[in-house]
Amino acid sequence: MENQTKTKSILAWSSPRIKRTAVDAADSGHPSTSGLRNHQNPNEQSQKRQKYTMPENRTVMKCYYNSEPEKRGYQKRMHQLWKQEYPDSQITEPRLADQRRFIIRNKVFSEVELEEIQKICKANYHQTTAQTAAETPATLGMVEQIEPEESVELLQEFDEPALETPVEPPGTLTARQQELKDKIMAHAAANAIRQRLPTLKTVPKRHLAPLMKDVNAVLSTVQITSIEQTNQYAYSAAVIVTEELGLLQPRQPQRKSTGKPKWKVRLELKIKKLRSDASNLKNMKERKLKNDKIKQYLIRKYWLNTRKIEEALEIVKEQITATARKIERYEARIIQYRQNQLFQSDQRRFYQSLNQTTDTVTIKPEKTATTKFWKELWENNKNYNKNAGWIKEFEGKFSQNKMEQMEITTEMISKRVQKVKNWTSPGSDQLHGFWLKHLISLHGKMAQQFNEMLQKGSISEWLTTGRTYLIQKDPAKGAAPGNYRPITCLPTMFKLLTGIIADRIQDYLEEKNILPDEQKGNKRKSRGTKDQLLIDKMILENCKSRKANLHMTWIDYKKAFDSLPHSWIIKCLDAIGISKNVGTFIENMMEHWKTELFVGNESYGLVNIRRGIFQGGSLSPLLFIIAMIPLSTILQKTNLGYQTSKNSHKISHLMYMDDLKLYGKTKTEIQSLTNTVRIFSTDINMEFGLDKCSTVALKKGKIIESEGINMPNGQTIKCHQPEAYKYLGILQLDNIKHEHVKTVVSKEYTQRVRKILKSKLNGGNTIKAINTWAMPVIRYTAGIINWTQMELDNLDRKTRKLMTIHHSLHPRSDVDRLYLPRRSGGRGLLQVKQAVKEEEHALAEYVKQSEEPALIEVKNQKLLKAQQTKNQYKKATLQTRADSWHNKTLHGKFLDKIEGKADKEKTWLWLTNGTLKKETEGLILAAQEQAIRTNAIKAKIEKSADDPKCRLCKEADETIDHLLSCCKKIAQTDYKQRHNCVAQMIHWNLCIKYHLPAAKNWWDHKPAKVVENEHAKILWDFRIQTDKVLEHNTPDITVVEKNKVWIIDVAIPGDSRIDEKQQEKLSRYQDLKIELQRLWQKPVQVVSVVMGTLGTVPKDLSRHLEKIDIDKITICQLQKATLLGSARIIRKYITQS
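In the working numbering, the protein residues as written are -6 to 1130.
So this is what it looks like as structure tokens:
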């Protein structure tokens, strides 16, 4: 018994959370006599012992597990298996057994690693046993017996059931995969403090996909027994992948920021010194400088012995101006980079930064008062009124419904995880949704572990702990604790689990038709607030047209989501027939809800949530909606409400989450409905926010004075006439305030467009920002607000004017092209008029197909008039626009030039990527459209008296094509610089390919005339020596391999001549090709790299680039270099007007 107490089992000696990694253990200095790497004689081995490597230690454990250690004689079988792997090894049986004990005692492998090795051995257990039995003699000598405790533990492990995810057989992991596995296991074992990982939005798929494939192969071989381990391995895999991609920087200790970067401090000190020199020079000039040392310093520095003081003083002033301008330029470049990076990674934060003004001072709420406010709200557990009579009626309505017991499958995991957003803020586990989505080898394990939690009804505490950020609602109300909205970031696995449960509950609610039509929150296949606004608009207009009576009340709850009792949620789940395991799980889950409050990055403390719901998960909104189902049931039963006609459906209320609007024909009806809502709310311990509630009365379609609604408990809902009420974002009273809403929305739209254009976003991001941040302001009102054609056209005109003011749109550029998709050669801007019309067509189509009584009334009232579907309207509009652009004499000329010659998809690559500055993008498009005022345009189109000839060469008419490709005056300067820039990119890529000296970035690369190594030789603009006189013997780049030669020549002709230039380049070097094949006795290929001056890509360019196999430089980058060169020429020689 004493021996059994002291002896530890194999798996008890290792822990998944040990600080020491397997790599550290491999270098522990334990003596070994394996002799695998250096075969020595026994005497030498006794004097100098070698260390075991990790693969050797792994083999030791495999031999041990395969040797049937629960039986006598395992040491000899273990040694025989070792000899099969290492026939030349001199290690003895006792030494091998000692090494096995050393591995266990010193925790060379973690528990998880030992389990994995054991599982692999188990897969081939019977086969190994048969082979070992055949090779083992019947009679064995004296052998060491395995410890009893170890034998029991091993037998228990062998009897464990296998996981659903199949484990790959031994030997299937590649060396690269094994390396990744060692890193992941080491990181998981370290269990270090987690940090926020960077997003991978900018990582090309071709780099990420192979790495994720290897990581999934690795994780499929790891045995995981708990949800904590699954989360840990997922995070460890994410860390290792991020490290492998070079995106994870080691966390640096936080230093106190000086507020200014070093380069700026250096330049400011330089300006300060120059100003001091300027002052001293001025004093010296006026003979006021008395200090001889300063005089001598100025004489030496500014060469005053040979230069006048006035000249030196002017130089200093210009240096001050130039240095100050350099600071401005550097800062603008930094802002541009940061804004585009932020936009790519987190658009929401970028838009928030645009809304922040420099004079805004962020005032944080007082910490103690804020924590006390939320603790009193959330930790004050309240119950519902169990004696309320309407509860029994509600229970009876759904008593026949019963949801089946829920079981989570791998398919459910894979389906739900696709809905998880990749890079939204994670919870305390710091695991983004991207990793759960793409670590597919963990889906089976998660399904098994989620099921265990669901069936047991238990949940780990870390899953239900959130991070709640308090976001200020109304800046005008200051830092009052109640003026903040709590948004909670939850662990990603918790959101995945609750999302699966929410999907199943939603399926059940739809199957049994439990959700009321009046509630549009979180409802599938509905338009949400648009449904309610359409119905509301229909009621108001029907009342006006029929001159009917109508009474309306807007109900607002005080902290609705934060005050809902948990006991009432559980009661409602049980009443509608939710399965027992789901109900029990949700009940236990809510008992463990807690969150840490944050304002900015400052923690305000931990709060237990015993009332209310998390505002951050997909299950919480559904739970709120379920808790409000009885209210709709009660209101429906009253048989009160407004009717659009005598036999039509009665509409008593509309709900969107907690936004409630009541309708009644008489004052008595609206009082009855309002009091019914009050009773329900009191019974479930929810309160009205009376300051935000309002009522209004209409008699014969006209608004009348009202005293409000006096309720039995003494509370009064006042009539806010003549003030309008904002319902779901739309201002209304007796009717929708169309003109007021138009003014507010138009102002907000133009403000957002102006802010975007003032930013430093590049061309593509600018258009995307307008489409995704400014346009939704207008689109939300479509179908609700009565926009006129002229008003929409004015908004579009205003947008174009703002773009012109900020130099992102040329004033003479084509309007139709602006609204075409980028893949078709346009800029992809959404037209306001088209966006509104598309939304109206989509709403009309939706209402037409709806079978909901209220929406049928909307259709009968003919609020939406559309003869086409949204797709039909959009397709017809785009086609009309494309035809209009193509048929224009000047603007469509570029399309005619490249027709049949260019690869149109690749020609517009620079537009689809959108990496040029918006000013440059607008200039290039204007050049393609012949919108720039060259001399030829002035003379022939505008009919001015200007000379149409080129201002430089005076030989041909000055067109954009002539200036960019045909002017002899700048052929050896600007054209050559643009040409060399493109050729330099290719040269740099070839140097990288052949491991030749090259700069880190292509723009810093300086091609040498000759570079070579054992792989290849590259010649730059080098005259090839031949025994015959050849006219064309100096290609741009010549690549000489051992068995092949490439002649590469670059040309940037006018866009209409790309075919001719390509053929010319190929034929020009045919003689040189033949001569080199004869002289060098190697096959020679001519590669022509041709790009139009305005970005046109020939059809054969991809094929030519594939020949030289460059992978660092893309066609889009070659396009960008060409276009930047062309833009520089236009800016240099043509004054835009």
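Every residue, glycine too, gets a C-beta built ideally from N, C-alpha and C. Fair warning: this is a prediction, and the values are worked out from it, not measured in the lab.
GLN345 has its alpha-carbon roughly 42 Å from the corresponding atom of SER699.
In summary, GLY420 is buried, with 16 or more beta-carbon neighbours lying within 10 Å of its beta-carbon over all protein chains present. DSSP, read as helix, strand or coil, puts LEU282 in coil. The C-alpha of ILE264 lies about 45 Å from the C-alpha of LYS466. Distances from the CA of ASN348 to each of VAL1079, ARG745, LEU557 and LYS564 were compared; the closest alpha carbon is that of ARG745. Residue pairing by DSSP places GLU589 opposite ARG460 and LEU599 in a beta bridge.
By the Cβ-count criterion, ALA202 is exposed, with fewer than 16 other Cβ atoms from all chains shown falling within 10 Å of its own Cβ.
Taken in chain order, the whole alpha helix (DSSP H) runs of length 4 or more contained in the stretch 161 to 228 are 168 to 183 and 198 to 212. Just measuring C-alpha positions, the residue of ASP950, ALA620 and ASN374 sitting nearest CYS565 is ALA620.
Linking ASP339 to GLN332 through their CA atoms gives a straight-line distance of about 10 Å. Proximity of the stretch 1016 to 1036 to the stretch 1066 to 1077 meets the contact definition, three or more beta-carbon pairs being nearer than 8 Å. Shown here for THR461: same chain residues with a beta carbon closer than 6 Å to its own, the five before and five after excluded, namely PRO479, THR481, THR588 and LEU590 in chain order. Counting the other CB atoms within 10 Å of its CB gives ILE663 a total of 16 or more, which places it among the buried residues. Beta bridge pairing from DSSP links LYS942 with ASP950. Per DSSP, reduced to three states, the secondary structure at ALA924 is coil, with no helix or strand assignment. Buried is the label assigned to ALA553, since at least 16 other Cβ atoms lie within 10 Å of its Cβ.
Beta bridge pairing from DSSP links TYR718 with GLN725. For the options ASP270, SER213 and ILE579, the alpha carbon positioned closest to that of ARG293 is the one of ASP270. The beta carbon of VAL196 is closer than 7 Å to those of LEU238 in its chain, skipping five residues each way along the sequence.
SER572 sits buried, since 16 or more C-beta atoms from the chains shown fall within 10 Å of its C-beta. For TRP1039, the enclosing beta strand (DSSP E) starts and ends at 1038 to 1044. Secondary structure at PHE681: strand, using DSSP grouped into helix, strand and coil.
Using a Cβ distance threshold of 8 Å, PRO1046 and SER958 count as a contacting pair. One alpha carbon belongs to LEU543, the other to GLY885, and they sit about 58 Å apart. For the 8 Å CB-CB criterion, ASP549 and GLY682 form a contact. Rounded to the nearest angstrom, the Cβ distance from VAL1079 to HIS972 is 17 Å, too far for a contact under 8 Å.
The beta carbons of MET796 and LEU802 sit about 4 Å from each other, so the pair counts as a contact at 8 Å. Residue environment: VAL410 is assigned as buried (16 or more neighbouring CB atoms within 10 Å of its CB, all protein chains considered). Sixteen is the threshold: since fewer than 16 other Cβ atoms of the shown chains lie within 10 Å of the Cβ of THR873, the residue is exposed.
With respect to ASP1048, LEU1072 sits apart: the two C-beta atoms are not nearer than 8 Å. CA-to-CA, the gap between GLN854 and ASP524 works out to about 14 Å. Under the three-state reduction of DSSP, ALA1001 is assigned to coil, being neither helix nor strand. Linking VAL413 to LYS654 through their CA atoms gives a straight-line distance of about 33 Å. Contact between MET582 and THR458 does not hold, since their C-beta atoms are separated by about 12 Å, which reaches or exceeds 8 Å. When the beta-carbon positions are compared, ILE1106 and TRP995 come within less than 8 Å of each other.
Beta-bridge annotation (DSSP): ASN755 is paired with LYS910.
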